[in-house]
Amino acid sequence: MTYRFEFRLIARKFLRSLTTSHGNWDIRESIILRLIDAAGREGWGEIPPISWFGSETLPQALDFCHQLPQEITQEIIFSIPDALPACQFGFESAWEGLGTGDWGQGDKGTRGQGDIPITNYPLPITHYPLPISALLPAGEAALNTWQKLWEEGYRTFKWKIAVDAIANELKIFHLLIDSLPASTKLRLDANAGLSYQEAELWLENGDKFPEKMEFLEQPLAVTEFEAMLQLSNRYQTAIALDESVATLSQLHAAYQQGWRDIFVIKPAIAGSPSRLRQFCKQHNIDAVFSSVFETAIGRYAALKLAAELSQPNRAVGFGINHLLKKEEETWLQRLWQNL
């Protein structure tokens, strides 16, 4: 069977720069794609690369889309090379969605022939089938942000570290951990920005708060896998791999090398959804599914995987709606109006 293929490049602004150890991020670009079968049924997908996280670059994804014919086959979709994991996710998600009309609770009654599926995101937190972790801003701003998110229903928070001097961040950490309610879980995300000694210091401090401290995410560089494996055996605070397991090939490699702590999985850049399902079900890993600031289209496909494969005690990292401008429905409709 062949499918008509169309795509558009889109860009959205963060409300303010997202600060990580990799630098500041101001604009989120991705590719929205649509497949249409012979019966006129549609499947939507998104390609949201993050090259510094291990996926292809946006120009590489665009080049791939441009070189495809206007009609493609299932064989083309499932032969996308592993070097293009975000493309694998986008095309396979669109293929899986062909004709299902399965776009969640938010779009009932909003979809007409040729219309983009509108999902009315962000949905209230209680509408999701899984608990959601909210991302706090880096630095002192986290101290004035968590209360509003708590009132919205979030009970797990992630805070970016390794963006300032460790002494300053530890002071903020203690203020934050003391102010959070007892039932809260806190995740620290270093984005591979710590030294071994700094990671030890964070883990020592985390061990003082076992009820609230859920895990330290990617403390060291991807090249320091053995050091992180060693740290995971020395401290009570769990370590979660993130950049080290960004793609399916990295997931396989980390598991084969003995990693049995937490895996953070970003479905939108991990690669083929079908092969990701197979890996997670075969190995029953402790997985935390996480966003890459995709649109409603990519987010829905990623959350479907998370609902199917997540451990029931792990909040998924999709609490990011408060960080992007609330213009999604407007531009999603405008994107395809001239087709």
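Residue numbers (the numbering used here): 328 to 666.
From the three backbone atoms N, C-alpha and C, an ideal C-beta is built for every residue, glycine too.
- Here DSSP, grouped into helix, strand and coil, assigns Arg587 to coil.
- Counting only the Cα atoms, Leu558 lies some 26 Å from Ala461.
- Between Ile624 and Pro376, the gap from beta carbon to beta carbon reaches 8 Å or more.
- Non-local beta-carbon contacts of Ala629 in its own chain, meaning distances under 6 Å to residues more than five positions away in sequence, involve Pro594, Ala595 in chain order.
- Separation of Phe405 and Ile493 (C-alpha to C-alpha, rounded to the nearest whole angstrom) is 45 Å.
- About 5 Å separates the Cβ atoms of Leu521 and Pro546, confirming a contact at the 8 Å cut-off.
- Annotation for Ser460: the continuous beta strand (DSSP E) segment containing it runs 459-463.
- One alpha carbon belongs to Ala526, the other to Ala517, and they sit about 9 Å apart.
- Listed as beta-bridge partners of Gly598 by DSSP are no residues whatsoever.
- Per the coordinates, the alpha-carbon of Leu556 lies some 34 Å from the alpha-carbon of Thr622.
- Contact between the stretch 578-588 and the stretch 370-385 is absent, with fewer than three C-beta pairs closer than 8 Å.
- In the three-state DSSP reduction, Asp491 falls in the coil class, being neither helix nor strand.
- The criterion of a C-beta distance shorter than 8 Å is not satisfied by Trp486 and Gly424.
- When rounded, the separation of the alpha-carbon atoms in Met328 and Cys392 is 19 Å.
- Put simply, the backbone Cα of Gln563 is about 10 Å away from that of Glu541.
- The beta carbon of Leu389 is closer than 8 Å to those of Leu336, Ile358 in its chain, skipping five residues each way along the sequence.
- Counting only residues of its own chain and dropping the five nearest sequence neighbours on each side, His349 has a CB closer than 7 Å to the CB of Trp379, Asn518.
- Per DSSP, the unbroken alpha helix (DSSP H) holding Asp390 starts and ends at 385-394.
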